[in-house]
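In my numbering, the protein residues as written are 5 to 594. The next block holds one structure in the form of structure tokens; read it before the comments.
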Amino acid sequence: MLQVVQQLDAQLQAAMAAAFPTVVASGQPLDPQLVPASRPEFGDLQANAALALARPLGQKPRAIAEAIVAQLLQDQAFTALCLPPEIAGPGFINLTLRPERLAAEVQARLGDPRLGVPETAAPATVIVDFSSPNIAKEMHVGHLRSTIIGDCLARVLEFRGNRVLRLNHVGDWGTQFGMLITHLKQVAPEALTTADSVDLGDLVAFYREAKQRFDSDGAFQATAREEVVRLQGGDADSLRAWGLLCDQSRREFQQIYDRLDIRLNERGESFYNPLLPAVVADLRSAGLLVEDDGAQVVFLEGVSGKDGRPMPLIVQKSDGGFNYATTDLAAIRHRLDADGAGRVIYVTDAGQASHFAAVFQVARRAGWIGDDHRIDHVPFGLVQGDDGKKLKTRSGDTVRLKDLLDEAVERATADLQRRLTDEGRHEDEAFITQVATTVGLAAVKYADLSTNRITNYQFSFDRMLALTGNTAPYLLYAVVRIAGIARRGGDLAATAGPALSFSEPQEWALIRELLRFDTVVVEVEHELLPNRLCSYLFELSQSFNRFYDQVPVLKADDPARSSRLALCRLTADTLRLGLSLLGIPTLERM
RNA sequence: GGGGCUGUAGCUCAGCCGGAUAGAGCGACGGUUUCCUAAACCGUAGGUCGUGGGUUCGAGUCCCGCCAGCCCCGCCA
């Protein structure tokens, strides 16, 4: 429908220009204000331009609408596309597409693997920075949203024809390694020389102990700082210990990524280490650097701190070390220059908004971000428990991502087994494992993606695994129903056949829903809001379920039968493609 | 103190560039199965869009004030 809407928009503009040449002469832009109809009885689309033009033209909106419509009716391309427009209410122009044009659009999509979604006219290298767990810690629920949302955005951008680089900016450098290595030297030295001599769970415990000592023990703190200096200075023993810790964490992360089908290139903080001195040097030569309390800082414009003074962004600590702001600045430069990125997207929690605003401002003032670059922080809210507070285990610990995924699959397994028992069905273990794994993981992903990412998100196994409502199981079930039709003799692969012929309102409702897909995907790309795609897929599933419930497919006679099979096929293709953009695989049976 | 985000039905949430009577889902209540998987479908009830102003032909949406919740604010990331 993207193309159709474009055509209509152009036709409306031409009609407006013909009806009101004085406005054109005055240089004012003529926006038809073409939007989807607010209610089905108003047709497919509505143009609201007449209301806005009433004031400047000094005419009644309905009269303006009538003049535009009179011009439209002169346009043969328009009358071939739409039924005669209706003017309603204060001056809305309601447009209804001709059914045969809708059918032709359906036909055109049947053989189209992109389902009408165009490749972007201006493909760019886009970097999506997401997930970003910390070495020597386990992935926890806090990494869930970044990982799932980032992966979805990367998939959408890729599908639109961009070259996407998925970067995992893991926390693999800095103060925490000094304290961890120092602590391990004293309590478990073998962990620093022998691979896998302690498992990750132990490492996490050691990390906690190290952090505690660092915060309370001055002598330990000093030793830890020396250790950081040794590491950053390239000391061989320190580097070997650090490498072992990284390898071990990396393998653990990869297990999660494999389960969730997420591809990522690791490029952690350490990668930028050699580039840090140049960042500070170049900020100095750009005249932005100021020494304050012994630290090298850039004072921010338009941001004031507690005392009313401008806020500084520290890029070099008073001890000479660099911090995450320095790393992020180095990363921006490297991504724009070495990677040639036109666009960089950071998928991190909303709490980092001011940090990124500061870093972007400094990079811009230093001239590193050009006018043709687009750098976005894509923030998201906290994951909360049922109580509305930050999600924790009963004992008060952060929830491990692995445990969360396990529980989702366990619950899906229990649901499925209960259902099999109730229905007297018998399925083998492989089927149960496959279905429960797919449903459980899909539920976790979908629940996260389906709310607007900016708001906090209330995590609930019961809600996400519900078989009804806006959930992954509901969408997966729609696909399964179509697969069932195919098994019972419906040939979904046939592309040729009698001309498509539709008669039922449920068919037309489904068609209109199907044809929105291209618009929605492009919108998600622009707004970076996956929940728009989720809403669409849910509404599509609802339209399909109504159609399935009320209109027979296999029992109908041709041409209705083959036309309805075509709708089934296009629905399944749209759901599969849409879900794949969310990172969710589908099932044939469940 | 400064800044950010949020506030819409009992609960969880949509609401696009400001457009017609504010929408879903869950839960509640009532119905539908000799028919392609009822993991479905149909219906009913449920709203002062936090609050007070302003802009506009028109405001849940834009601007200002206030209230509430969460988050951030110099050498952690």
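Every residue gets a Cβ at the ideal spot worked out from N, C-alpha and C, and that includes glycine.
Item: Using a Cβ-Cβ cutoff of less than 7 Å, which residues in the same chain neighbour ALA228 once the five nearest sequence positions on both sides are dropped?; Value: GLY182, MET183, THR186 and PHE218
Item: Please confirm whether LEU34 and VAL27 have their CB atoms less than 8 Å apart.; Value: yes
Item: When DSSP builds the beta bridges, which residues end up paired with ASP133?; Value: LEU171 and TYR350
Item: Kindly list the residues whose CB is nearer than 6 Å to the CB of GLY47, restricted to its own chain and excluding five residues on each side of it in sequence; keep chain order.; Value: ALA41, ASN98, LEU99 and THR100
Item: Count the other CB atoms within 10 Å of the CB of ARG593; is the residue buried (16 or more) or exposed (fewer)?; Value: exposed
Item: For ARG164, does the three-state DSSP call read helix, strand or coil?; Value: coil
Item: Our contact map puts VAL145 next to LEU405 with C-beta atoms below 8 Å; I'd like the distance itself, whole angstroms only.; Value: 6 Å
Item: According to the Cβ coordinates, are PRO94 and PRO65 closer than 8 Å?; Value: yes
Item: I'd like the list of long-range same chain contacts for ALA71, defined as Cβ closer than 6 Å, with 5 residues on each side in sequence excluded.; Value: ALA23
Item: Can you check DSSP and say which residues form a bridge with ASN138?; Value: GLY175
Item: Flag this pair as yes or no: are the beta carbons of GLY154 and VAL351 separated by less than 8 Å?; Value: yes
Item: By the three-class DSSP mapping on this structure, what secondary structure does MET20 have?; Value: helix
Item: Buried or exposed: which applies to LYS449, given that a residue is buried once 16 or more other Cβ atoms fall within 10 Å of its Cβ?; Value: buried
Item: Is PRO44 near the ligand COA - that is, is its Cβ less than 7 Å away from at least one heavy atom of it?; Value: Looking for the ligand COA in the displayed structure turns up nothing, as the structure carries no ligands at all.
Item: Ordered along the chain, which non-local residues of its own chain (more than five positions away) have a Cβ less than 6 Å from that of GLU109?; Value: LEU519
Item: With a threshold of 8 Å, are at least 3 pairs of Cβ atoms found where one atom belongs to the region 162-173 and the other to the region 121-135?; Value: yes
Item: What does TYR461 pair with, by DSSP beta-bridge criteria?; Value: VAL387
Item: With distances taken Cα to Cα, identify the nearest neighbour of LEU204 among HIS173, LEU235 and GLN252.; Value: GLN252
Item: How would you label LYS559, buried or exposed, when you count the other beta carbons within 10 angstroms and need 16 or more for buried?; Value: exposed
Item: Please confirm if the region 459-466 is in contact with the region 428-439, defined as three or more CB-CB distances below 8 Å between the two stretches.; Value: no
Item: Rounded to the nearest angstrom, how far is the Cβ of VAL443 from that of ALA470, given a contact under 8 Å?; Value: 11 Å between Cβ atoms; not a contact.
Item: Between the Cα of ASN52 and the Cα atoms of TYR481, ILE91, THR331 and GLN236, which residue gives the shortest distance?; Value: ILE91
Item: For LEU119 and ARG113, what's the separation of their Cα atoms in angstroms?; Value: 5 Å
Item: Starting from VAL307 and walking both ways along the beta strand (DSSP E), at which residues does that stretch end?; Value: 299-308
Item: How far does the alpha helix (DSSP H) with PRO25 in it reach, from first residue to last?; Value: 25-29
Item: Looking only at its own chain, which residues have a Cβ that is under 8 Å from the Cβ of ALA81, when we skip the five neighbours before and after it?; Value: GLN11 and GLN15
Item: Measure from the alpha carbon of GLN259 to the alpha carbon of each residue in VAL526, GLY371, CYS156 and ASP410, then state which is nearest.; Value: ASP410
Item: Thinking C-beta only, is ALA362 closer than 8 Å to PRO383?; Value: no
Item: Pull up the DSSP beta-bridge partners for ILE318, would you.; Value: VAL301
Item: Put PRO281 into one of helix, strand or coil per three-state DSSP.; Value: helix
Item: From the DSSP output, read off the bridge partner residues of HIS381.; Value: TYR350
Item: Just how far apart, CA to CA, sit CYS156 and GLU295?; Value: 42 Å
Item: Could you compute how far the alpha carbon of VAL301 sits from the alpha carbon of ASN327?; Value: 11 Å
Item: For GLU295, which of helix, strand or coil comes out of DSSP?; Value: strand
Item: Would the beta-carbon of GLU270 fall within 8 Å of that of ASN172?; Value: yes
Item: Give the DSSP-derived three-state secondary structure of GLN356 in the structure shown.; Value: helix
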